Each structure stands twice: as structure tokens, then as C-alpha cells.
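Engineer: Structure in C-alpha cells, see below.
In the UniProt record's numbering, the protein residues as written are 1 to 982.
The following block contains the structure:
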């Protein structure tokens, strides 16, 4: 776009712009005449215009100039006013006219508040699980210098575009996917406030558009592409009327100003709080709600006076921190001690309906990001589109990093000493410091600029890195060269937030693992001994993989008549061996679940517990919690299950016929000979499973036959992560697509039914519990129709193909934990879902068993149950489980990506021209799309050629080559020249 050149009116030949349109262009009134010393010389103007018009000589220039229409100033001013009126004033008047009270511009905010309600400047914990919707306010990833808030003005509007429409506090329009959100205030604006907040710009012949075109927002940062596209009359552009901009900006700016103005005081409070909540022995996860409560409870001025009075006396300083502990313990309902050295994690309380000031929470989040030597990364939960917790790093970790950086800054001699000891190791302290620094950097534990700068300087000083880009991969390469790690050791295992035992990240985790190893299972009495039902010789089939670490569940069937079968799901009962207030329970709470990495498994409970309480030991009477229901095999639909027969009871089982997934598939296929009764049992339970699936689909469930990520990766070498075992033998990987088999249908459907029975039991008896919920995203009617079509196809037994799965997945979020017993799991098609079938692997399931125990005992004794956990405690537990669930899933995903990327790097060394296929999973953003790498089960990005048609969700791109691959950073970018496959 040619610049508008302003000069004195007498220089009419120089008052030029938009030469190709032969019109003058300006969006603002013409400025007052410039002073003589501000005028540009005729030579300067001639050179600029000659360059822009492409003229090769001044003669050509003047010929072109003669074609330009020179307008009188009055006409120019009138046309500007007409354009401003058409583009801004008219849309504002139309927007005001849609409000029932027909307010004036100055009355808009007050009338909207009176008509539709005020803005909601607070956050309730349970609101976070709601789907992203119109009126929500979000912060975007990438706004690092001074983060700004945006309001969601529209949800995704087409089956091939998963982006939300956002309006900034300045009225700018953006189109971005949910992955771009890193903080959210649900329901900040009432939805009617946003009705028609964005309008289509009225095009005016000969003038470029000023609005945003949705199509070109994919190429943000390329001003030429955006400007060129916006000038094309065929493209629709959109803008925000000025009145809407004024109405929305005031609350947004007020919230941001409140957060920014309180940032200094909150930062000071968080430094004091960290001294209390950090664990001297390792990283520990802290709820954001706990931190906000702690910030609110602290009187900063009073504490400053107390610290001044304490001076340098350690005992007096410690007494001030002890006083802070007392205040925090009362306000947050958690037990705090200075340094917090307890094993596991204490139970706290969180009211699910409590209101937290949104600006204050935003300020706490901003402050935590700045104090990155005290706090780890904020844990952003996908299903919430925002963070719910942060890792408090041990004070010792921050102190050591600061000492190392200060040493390196101290003098050139000290820096040289560190550098020399990388190879000579004369000073082992200096060498160990470098290794410690590099490992923290590789694991992503260093994000502050001074430390990163020092690491880059250190690496850049070494000959092998002088000509390369410095990244975490550079540091990892150096650690490999030093023999500190194997050539393919997984750096994700060094993560402070994952805090694996014996990973040099958490002495606390090491101590907890030692506690596990020393734990002895004794003959504790059974709290439910008097009410357990003995299932005797009833066959219980524990169908699992041959290499399963914990056997949680078994299934059985009893035929009471030709018209009635009773199906039972028996679940191991470790809760009857473990007290909720024991160290073992607190460690399990801290871990939240078993961690399954490709090369390592960290059980939630000691192996000794699993060996004793797990099912599958034939002939050994084993405690269980049994979920059962009766069916009429001659009925279909809603009459198939007798809803009045749903039961939860305590029991014992002991007859366990051997049955792996593979065995059951062979039996059902007639490939393995077993007893006729066993064959009949399995066939009947498969029939029940298939009928249950049909019922779920009829209730709206969507069943994916095979997803693009359903790939099983196998490491062909058994490895350990001990430092003394640094064998440099490469790990070989094999990949195979996962296919759902009959045995998996049988087991998965019965487990879903058991968790649904548990959810109904908790809901009907008003038992505080942790539920799993999934809510369909807020989308427009065209996308909702896609979901309905998929559900209809599932009902007909036609499961969605990969391309349809990709289209649906782009709009979906993850399921989340909640204590709201009325929250359905819409993806599974059940009205209530309380996970209870894996208590050896998931803490929430074990909590459910403790609550069931209390209810059954109270029922048996004819008394009101005394539950071990209140609703406020359950809500606290749910948020911690959600935190750990996200951390573990993210770590597993990064681990799988690391091993696959390492495999691809070796593959490219052998076959440089290897190509790959990828399934597009997102709309284009910033010149790339997110995709699934077919046959490898990982995600990647594909760079878009701006000269070709952008791919859409569900496209299969064939023959892509690798454009960028970074094994440690987890970056894989493909390039694709071939056309999209339909």
C-alpha cells in the first residue's frame, strides 16, 4: 500500500496516494499544513514515487503522473467523512438499534447492564470446566511483554474451520484456535452483549478495506499478503463498530489495569508464600486457587514491619514465616509448615462455588511467570483453556542456579575455569555445576533470560557449537559427548514437574520410593468384613494384556433364568488395606496415578500392595467392590438393562480362569479350545457389551473405530534410567496400528457401565465424589450437524473414517474431573460417570472406594454415613488429580514424540529422501497446520505454501518431506508439495 504523502495544499501535484486506483486515500481527516522545515524536498518525493510506480526515468514518471486524478480538498474531505460514516458510524447505529431500549451511544453500557446483566469479574472453580463460549475472556499465547485480554465474540462457524473469533481491547479482530488460549475468564460478558459485535465491512469502490479478512488471517505477520488480499473486492472483511469497541474495551482495560497495578505487591507476597509452600526436598504442585487465597490473606505492610523488626536474627525471621504458615493454614484449610518436608501431599479444601476475583487471579498468574526461579511452568489444562496449578520449586534449586550464574558472571577467569572443566574435570564442583545447569536446561526447567543467556554463552564458547544455532539439543549433545547420558536417554524423565524418583530432580520423590520399597503389607482387619458377599466359585475373568502391571478388574456373568442375566464387574479393593490419612495414601494422592512412559513405569502404589490386593490369583480369596446390573437378553434398546437392578456392594472372589485379551479373542473366534461354560460366558458378555454400546450411541455417544493416533509403539530393548548404566546401544522401535478387537469391546463396555453405575450410585445417594465429564463444544449449527451425523452413523454401525475423526477432533477438548454429580459425559453417552474401576492405578478411583465403604457401613448399621472426604475436600482432590493427569499426559506425549523423533532422525540418516503421509487436524494459523503423522501416532506441523490452496481439516497429505526435526525440542515440521487427497 503506497504511503499517503502530505504536503502544502499548493503542492497539489504532490498530494498523491493509491496511484493504481487513481484516487487519494486517507482514513483520517487531513492534517494541518506542515511547517516549511517539515516538508520533504521535491527530489525526495520524486525518488520515492518513481520507485513505487516502477518508472525507469523521470520522463516516465511524469507521464504516469498525468493519469492521476487530482481532487479538490473539499471533495477529499467529504469522501473521507462518507467513508467514516459508512464504515463506523452506520454499523454503530445499527448495533444500538438491536438493543430493546434503543439507547444512545453514551448510554450503551448502562442499558446493556440493565437489560442483560453486568460483566462477571470473578472465576468460580467449577466454571472452568465449561466449554469456551461467547462472552469468555482469554489471554493469548505469545503476549509475553505485556499480556492483553480478548473477548470471544463467536464460536467456530464451519466444519472446516475450528477457530474462534476474538476482539481485543482495541477493537482488533483475530481468528485463533483454542490452543492459543492460556488463561480464561468464563462468562465475563453476558452473551447478548456480543450479538452482532462484528459486522461485514461495506465495500467502497476504489478504496482498500480496513477490516480483517478471515481467509488471510492464516498468514499473520505477512503484511503484503494481508494488505493485498484485503484490497481484493471479492474478499469479505469484518470490523467492530466503534460503539461496540467502546463498550467492550472499558471492562477489559479495567480488568487488565487492576491486574497490572497490583503486580508489584502480589509479587512480593508470592516470594514470602514460596518460602512456606515450597518443599525443601523437591518440587511440589500448588493450586492457583490456594495461592490466590494466600495472597488475599496476607497483610504485606504488617509483614514488612515484622521482617524489619526481626532483622538478621534467623530465629526471629523463622517466627515470622511460622506466623505466615498459621494464617495460610486457616485461610486455605491446608496444613503448612516452613519448608514442608512431609511425604506425599496433604488434603486441602476448595469450595467449588467460591468466587475468586478475576483480575487478582490474572495478576497472580503474571507474577508467577516472572518469578521463574521460584515457580515452574503454569499447568494449563486443555479442557479448561487455562492454568489451575503451578509447581513450587525447592528454594535450594533456585539458590544453586543463582550461585552458578553468579560464578560465571564473576570474572572471565571463573568462566574459563568452568569451560575448561567441561573436558578436564579437574574441579569436580565446577564440572558438576555445568552438568546440573545443562540438564535443567534440556529438561525445560530454565526459562529466565539471564540463565539462558549464560548457557548460550557457555555453549557458544565451545568450538563445536560456534557455527550452529544454540538450543536444548545443543546442551543434550554436549551431555552425550561427556558420557553423562546415553545417546538416546529420554530427557523428559528429568522434568521437575513430573518428579520421577532417582531422576536427580526430587529427593522427596526418592524418599517416597524408598518408603514404597520398605513397605510391608500386614494382615490388617477388613473394615467391611461383616458385609462382604462371598461370590464363591463364580468364574471371574481378568482380561488384560499378558504384561499388565496391575490387575484391577474382572468380569463375570450369572444366568438366573432365560430372561435374566446378571453381569458383574469386580474391582480390586486396595482402599480396604490403606487408611485415607496414612503416608501411603498421601503419596498416592501426590502421584495421582501410575505413570506409563514408553521405557519406564512408576506405580502409584507399592508393588507389594498390587501383589496382595490385585485380582487374578486363582484360589486366593480377594476383596473387591462389585458393580452389577441385570439384563433381559431377549429385549433391545432401553428395555435391555433393568435400571432398578443397578447395585454396588463389597465382596470377595477367588475363581480366576486365565484370560488375556489375545486368549479371549482366540476363544471367541473358535481358535482356542476351553470349557463350554467359559466360551458361553465370554460370548454372552460380548453380546451384552455390544448391546450396551448401541444404547450409548443412541444416547449421543460417538465411537471412534480407529483414530489417527491409535498406533502402538514398542521399544525392543529393555532399558533402565540409572546413571551407572550408560550403555550406548541404540533403542529400536516398531510401530503397529491399534485395532479394536472383540475382547476390547467386551471389557471397555463393561468398565464404562461399571463407572456409570458408580456415578448413579453417588448421585442418587448424594455422596461427595470425583466425576469425569465431557461437554460437547459450543459451535454453530453447521458443526453441530456434523456431530449429529457422526452419532447417526455410529448408530448404524458405521464408525467414522480417519478424515471425519480429524474434522471432529479439531473442535473437541479433553474430558475433565469435576465434583458436580449432574455433569454428563456426552462423548460416552452417559448421564453420570464416576471412575472407580482402576483403584490400583488412579487415586480418584481409590477415593471412590473409600466413600463407598463409608456409605455401605452406614447403611448396614442404619446410621448416616460418615464420609472420609467432604465436598470441599473432594473438589480439592479433583483439581489436584486434574493437574497430575495433565502433567502425566503431557510427559507421556513428549516422551513418545522424543522416541519417534529419534527414530525418524536415524531413518533419515539411512534414507534421506524418506517421505511421510499426514492427516490435517487444524485450520491454518501463522502459515502452518497441525497434523497427525500417519502410522507413527504423533502430531507435527506442516508448513503451507502461500501460493497454493491451504489444506483443510481432514485432508490427507501424501509424500511429505521433513523440513525441520529437533529431537529434544520436540519440533517436527513437514513440507508438502503434492495436492491434497480427498
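All C-beta atoms, glycine included, are put in the ideal place defined by N, C-alpha and C. As the structure is a computational prediction, the values presented were derived from the model and not from experiment.
#1: For residue 302, count the other beta carbons within 10 Å of its own beta carbon; 16 or more makes it buried, fewer makes it exposed. Which is it?
#2: Provide the residue(s) that pair with residue 960 in DSSP beta bridges, ordered along the chain.
#3: Have a look at the DSSP bridge pairing and note the partners of residue 655.
#4: Using only the alpha-carbon positions, how far apart do residue 906 and residue 460 sit?
#5: Just to confirm the assignment, what range does the alpha helix (DSSP H) spanning residue 681 have?
#6: Using 8 Å for Cβ pairs, my map puts residue 517 next to residue 502. What's the rounded Cβ distance?
#7: Are at least three pairs of beta-carbons, each pair with one atom in the region 745 to 760 and one in the region 561 to 577, less than 8 Å apart?
#8: Using CA atoms only, rank isn't needed, just tell me which of 444, 204, 610 and 267 is closest to residue 838.
#9: Output the residue ranges of the beta strand (DSSP E) runs that lie fully inside the region 608 to 650 and measure 3 residues or longer, sorted by chain position.
#10: Would you kindly work out how many angstroms separate the C-alpha atoms of residue 496 and residue 398, rounded to a whole number?
#11: Closest by CA to residue 914, which one among 448, 170, 819 and 959?
#12: How about residue 766 and residue 349: are their beta carbons less than 8 Å apart?
#13: Can you give the Cα-Cα distance for residue 844 and residue 596, rounded to whole angstroms?
#14: Do three or more CB pairs link the region 180 to 198 to the region 132 to 139 at distances below 8 Å?
#15: Going by alpha carbons, who is nearest to residue 648 out of 640, 934 and 626?
#16: What is the C-beta distance between residue 494 and residue 443, in whole angstroms, given that I count them as a contact (C-beta under 8 Å)?
#17: If we count the other Cβ atoms within 10 Å of its Cβ and call it buried at 16 or more, is residue 394 buried or exposed?
#18: Residue ranges of each beta strand (DSSP E) run of no fewer than 3 residues wholly in the region 355 to 443, ordered along the chain?
#19: Rounded to whole angstroms, how far is the Cβ of residue 129 from the Cβ of residue 285, which I believe are closer than 8 Å?
#20: Under three-state DSSP, which class holds residue 512?
#21: If the criterion is Cβ atoms closer than 8 Å, does the pair residue 249 and residue 174 meet it?
#22: Using only the alpha-carbon positions, how far apart do residue 796 and residue 789 sit?
#23: Just the Cα atoms here: how many angstroms apart are residue 462 and residue 806?
#24: Among all the DSSP beta bridges, which residues are the ones paired with residue 568?
#25: Bridge partners of residue 975, per DSSP?
#26: Taking the beta strand (DSSP E) that residue 596 falls in, what are its first and last residues?
#27: For residue 689, count neighbouring C-beta atoms within 10 Å of its own C-beta (all shown protein chains included) and say buried if the count is 16 or more, exposed if not.
#28: Just tell me which of 258, 899 and 271 has its CA closest to the CA of residue 488.
#29: Let's see if you can read the secondary structure: which residues bound the alpha helix (DSSP H) around residue 331?
#30: Just checking my contact of residue 282 with residue 238 at CB under 8 Å: how many whole Å lie between their CB atoms?
#31: Hey, is the region 574 to 582 in contact with the region 476 to 490, meaning 3+ C-beta pairs nearer than 8 Å?
#32: Excluding the 5 residues flanking residue 333 on each side, which residues of the same chain have their C-beta closer than 6 Å to its C-beta?
#33: Where DSSP assigns a beta bridge to residue 966, which residues make up the other side?
#34: Looking at residue 543: is its Cβ nearer than 8 Å to the Cβ of residue 661?
#35: Where DSSP assigns a beta bridge to residue 740, which residues make up the other side?
#36: Got a sec, what are the start and stop residues for the alpha helix (DSSP H) residue 292 sits in?
Structural biologist: Let me lay it out:
#1: For this step, residue 302 is matched to residue 302 along the chain shown. Per the 10 Å Cβ criterion, exposed.
#2: Locating residue 960 in the chain shown gives position 960, counting from the first residue. According to DSSP, which records beta bridges pairwise, residue 960 is partnered with 916.
#3: Walking along the chain shown from the start, residue 655 turns up at place 655. 539.
#4: For this step, residue 906 is matched to residue 906 along the chain shown. For this step, residue 460 is matched to residue 460 along the chain shown. Cα to Cα, residue 906 sits roughly 26 Å from residue 460.
#5: As a working mapping, residue 681 is identified with position 681 in the chain shown. 676 to 698 is the extent of the alpha helix (DSSP H) around residue 681.
#6: Taking the first residue of the chain shown as position 1, residue 517 is located at position 517. Taking the first residue of the chain shown as position 1, residue 502 is located at position 502. With 8 Å as the limit, residue 517 and residue 502 do not qualify as a contact, their Cβ atoms being about 11 Å apart.
#7: yes
#8: On the chain shown, residue 838 is found 838 positions in, with the first residue counted as 1. Comparing Cα positions, the closest option is 610.
#9: 622 to 631
#10: Here residue 496 corresponds to residue number 496 of the chain shown, with the count starting at 1. Here residue 398 corresponds to residue number 398 of the chain shown, with the count starting at 1. When rounded, the distance between both Cα atoms is 12 Å.
#11: Start at 1 with the first residue of the chain shown, and residue 914 comes out as number 914. With distances taken between Cα atoms, residue 914 lies closest to 959.
#12: The sequence position of residue 766 within the chain shown is 766, counting from 1. The sequence position of residue 349 within the chain shown is 349, counting from 1. No, Cβ-Cβ distance for residue 766 and residue 349 is not below 8 Å.
#13: As a working note, residue 844 is residue 844 in the chain shown. As a working note, residue 596 is residue 596 in the chain shown. Answer to the nearest angstrom: the Cα atoms are 17 Å apart.
#14: yes
#15: Residue mapping note: residue 648 aligns to position 648 of the chain shown, counting from 1. Answer by Cα proximity: 626.
#16: As a position in the chain shown, residue 494 is number 494, starting the count at 1. As a position in the chain shown, residue 443 is number 443, starting the count at 1. With 8 Å as the limit, residue 494 and residue 443 qualify as a contact, their Cβ atoms being about 4 Å apart.
#17: Taking the first residue of the chain shown as position 1, residue 394 is located at position 394. Per the 10 Å Cβ criterion, buried.
#18: 375 to 381 and 386 to 392
#19: Taking the chain shown and counting its residues from 1, one reaches residue 129 at position 129. Taking the chain shown and counting its residues from 1, one reaches residue 285 at position 285. That pair is no contact at about 19 Å.
#20: In the chain shown, counting from the first residue as 1, residue 512 sits at position 512. Helix at residue 512.
#21: Taking the first residue of the chain shown as 1, we reach residue 249 at position 249. Taking the first residue of the chain shown as 1, we reach residue 174 at position 174. It is not a contact, given that the beta carbons lie outside the stated cut-off.
#22: Position 796 of the chain shown, counting from 1, holds the residue named residue 796. Position 789 of the chain shown, counting from 1, holds the residue named residue 789. One C-alpha to the other measures close to 11 Å.
#23: As a position in the chain shown, residue 462 is number 462, starting the count at 1. As a position in the chain shown, residue 806 is number 806, starting the count at 1. Whole-angstrom Cα-Cα distance: 45 Å.
#24: Along the chain shown, one-based indexing puts residue 568 at 568. Beta-bridge pairing links residue 568 to 556 and 628.
#25: For the purposes of this step, residue 975 is taken as the residue at position 975 of the chain shown. DSSP, once it has assigned bridges, lists 943 and 961 as partnering residue 975.
#26: The residue labelled residue 596 in the question sits at position 596 within the chain shown. Start and end: 595 to 597.
#27: Taking the first residue of the chain shown as 1, we reach residue 689 at position 689. Buried, since its Cβ has 16 or more Cβ neighbours within 10 Å.
#28: In the chain shown, the residue the question calls residue 488 occupies position 488. For residue 488, the nearest C-alpha among the options comes from 899.
#29: For the purposes of this step, residue 331 is identified with residue 331 of the chain shown, where counting begins at 1. Residue 331 -> alpha helix (DSSP H) spans 314 to 332.
#30: Counting from 1 along the chain shown, the entry for residue 282 is found at position 282. Counting from 1 along the chain shown, the entry for residue 238 is found at position 238. With a Cβ gap of about 51 Å, residue 282 and residue 238 do not count as contacting.
#31: no
#32: Along the chain shown, read from residue 1 onward, the residue named residue 333 stands at position 333. Only 348 and 349 meet the Cβ criterion.
#33: Within the chain shown, residue 966 is the residue found at index 966, counting from 1. According to DSSP, residue 966 bridges with 971.
#34: The sequence position of residue 543 within the chain shown is 543, counting from 1. The sequence position of residue 661 within the chain shown is 661, counting from 1. Cβ distance < 8 Å, so residue 543 and residue 661 count as in contact.
#35: Within the chain shown, residue 740 is the residue found at index 740, counting from 1. Its beta-bridge partners do not exist; DSSP assigns none.
#36: Position 292 of the chain shown holds residue 292. 288 to 297 is the extent of the alpha helix (DSSP H) around residue 292.
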